[in-house]
Structures are given as C-alpha cells and as structure tokens.
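Note sheet for the following structure.
Laid out in structure tokens, this is it:
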C-alpha cells in the first residue's frame, strides 16, 4: 500500500461556504410627538408681544410729553391723546388678564396703537399751539415720561398704566379748562399743583409695588418673533 505524501500532494481543499447577505433591518419609525396643548404657543409668546406693545406705547407717550413740553400740543389735545393711551392700556390689561395675550388680541391692540400714532402726529403738526416752557406742562411732561418708562420696563401693569394715564388726561383737561378764559388764577394753579403732586406720588407707588407686566417676568433669553 502506497502512502501519499501530503507535503507533495498539497493541502486538502474543502468546499467554500456560500456567503449569506446580511439581513436589512427596517429603520425605526419615530413616535409622533403629542400635539401641543391649545394656547401653548400664545403663552410662550406673551412676554414678547407684551414687550412689543409696551415699546410702542412708551414711544407714543414720549411723543405726547415732548409735545407738551415744546408747546406743539395744547392741554386739550394732550388730554384727548392721553385718554386714548389710557384706553389702550386698559385693553392690554384685559387681554392679559388670563396670563396670555393671543395673536388676535395683540393685533387688535396694534390697530388701536396705529390710530393713536396717527392722531398724535396730526396733533403735534397742526397749527394749535400750547405755551413752550410752561412750568405746569413741563411738570406733566415729566410725569408722562415716568409712566412711559414704567410701561417699557414692565414695572407698570396695563391696569396701573390705565389708571395713571386717565389721571393725567384729567389733569390736562383741568389745565385746559383753567386756561379757557385766557388766565389761570391763583386758586386754579394751586389746585393743579395739588393734583400733580398726588399724581407723582401715585406713579412712584405703582412702579414700586411689585406688580409686573408680562414682559418683566420673562426669562432672559432671546426669542425671535
């Protein structure tokens, strides 16, 4: 019997195993996110809308106080414009009473502000003139400026601004009535001074009472809207 030398014959070959393709697993389907609760977006955007509305009102109040100081506005015109601003502040307060200013509510307030802006421009560019540098007008202009600052930074709520601006409108009308006969007598002047002193106290108290507008409560992060 002849032995086979394996070193000469070479290695023993075995049939190769067929390569099976790797199974393709289906991609996982992401679970759908739950729909946002109604009003969630409006609640998130409320501080931003509040700040935008406050900036506009602050700017319009600045126009009024500058007009009073320069004599571009009469006291009667200022009274009308301040009443308009008080109405806007009241509308803002009612819109945010539930903690949310919706897009529809914000749009309504912007319409009121657009009309108020047009009225302020017309009043400051007509021929009617007050007395430039009048001490009473300068004092009221300063108070209106303080209210504008409080509206902007949120230290005044819409309801507080409504009350303060209604008071300012009444003071301006009181001055207009006193000047109607061409002269402000001593008693009328003292009555106006008393009203303005009381108004100054109320403005300071409301700005420091801790109540805040929505934009003064928001977190400090940028929001694009």
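Numbering (UniProt numbering), first residue to last: 1 to 225.
Ideal placement from N, C-alpha and C gives every residue a C-beta, glycine not left out.
Just so it is clear, the structure is predicted and the values come from calculations on it, not from any experiment.
Cα-Cα separation, residue i to residue j
| i | j | result |
| --- | --- | --- |
| residue 209 | residue 89 | 18 Å |
| residue 57 | residue 41 | 24 Å |
| residue 30 | residue 45 | 28 Å |
| residue 159 | residue 179 | 31 Å |
| residue 226 | residue 162 | For residue 226 there is no data in the structure shown, the boundaries of the chain being 1 and 225. |
| residue 206 | residue 155 | 8 Å |
| residue 50 | residue 28 | 43 Å |
| residue 214 | residue 72 | 34 Å |
| residue 86 | residue 60 | 12 Å |
| residue 32 | residue 55 | 39 Å |
| residue 37 | residue 91 | 26 Å |
| residue 47 | residue 194 | 37 Å |
| residue 103 | residue 185 | 50 Å |
| residue 167 | residue 101 | 26 Å |
| residue 231 | residue 68 | Outside the shown range of the chain, which is 1 to 225, sits residue 231, and nothing can be said about it. |
| residue 212 | residue 204 | 14 Å |
| residue 182 | residue 134 | 14 Å |
| residue 201 | residue 39 | 38 Å |
Whether residue i touches residue j by CB criterion (8 Å)
| i | j | result |
| --- | --- | --- |
| residue 128 | residue 74 | yes |
| residue 65 | residue 171 | no |
| residue 165 | residue 109 | no |
| residue 137 | residue 131 | yes |
| residue 176 | residue 76 | yes |
| residue 93 | residue 174 | no |
| residue 95 | residue 105 | yes |
Integer Cβ distance of residue i from residue j, believed to fall under 8 Å
| i | j | result |
| --- | --- | --- |
| residue 83 | residue 169 | 4 Å |
| residue 120 | residue 63 | 5 Å |
Start and end residues, alpha helix (DSSP H) containing residue i
| i | result |
| --- | --- |
| residue 151 | 135-153 |
| residue 185 | Counting along the chain, residue 185 falls outside any alpha helix (DSSP H), and DSSP gives it neither H nor E. |
| residue 47 | 40-70 |
| residue 90 | 75-95 |
| residue 210 | Careful: residue 210 lies outside any alpha helix (DSSP H) and carries neither H nor E. |
| residue 109 | 103-124 |
Problem - Inter-stretch contact (C-beta, 8 Å, three-pair minimum) for the stretch 145-153 and the stretch 114-122 - result: In short, these stretches do not touch, since the Cβ pair count stays below three.
Exercise for the section: Report yes or no: do the stretch 187-205 and the stretch 117-126 share at least 3 C-beta pairs separated by less than 8 Å? Expected result: Not touching, per the Cβ criterion.
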